[in-house]
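S.K.:
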Amino acid sequence: MKLLEGRLGINKWMHRTGQSLWWPGMGCDLQQYVSQCQYCSSTTLTQHTEPLKATPLPAHPWQSSAADLYVTKGNK
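Numbered per full-length UniProt numbering, the sequence shown finishes at 76, counting up by one with no gaps.
1) Identify the continuous alpha helix (DSSP H) that holds residue 34 and give its terminal residues.
2) Assign residue 19 to one of three DSSP states: helix, strand, or coil.
3) Taking Cβ positions, are residue 25 and residue 14 nearer each other than 8 angstroms?
4) My output table needs one value for residue 62: the three-state DSSP class, helix, strand or coil.
5) Where residue 22 and residue 56 are concerned, what is the direct C-alpha to C-alpha distance, given to the nearest angstrom?
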C-alpha cells in the first residue's frame with residue numbers, strides 16, 4: 001500500500017486515503033494494516049503531562065501582572 005507509507009497514524013491515513021479512494025470496508029482494512037505494521041507497533045507515541053508548578057504569591061497587590069494579547073488581523 002504505497003499510499004499508506006509514511007507512518008501518519010490511523011486518523012491521518014483515513015483522511016488521506018478518503019480524499020482519493022474509497023472501498024467497502026476501507027476503515028477496517030486500514031485499521032488492520034496499521035495494527036500489523038511492525039514499525040507502528042514498536043514506536044508508540046505517548047504524551048507526557050507536565051506536572052503543575054505552584055507559583056509564588058506576590059507580597060502586595062500589582063507586584064506581578066500578566067496579559068494575553070489576541071488580535072484578529074494578523075501579527076501587528
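Every residue gets a Cβ at the ideal spot worked out from N, C-alpha and C, and that includes glycine.
Source: prediction; values computed, not measured.
M.R.: Working from what's here:
1) 26 to 36
2) helix
3) no
4) coil
5) 56 angstroms
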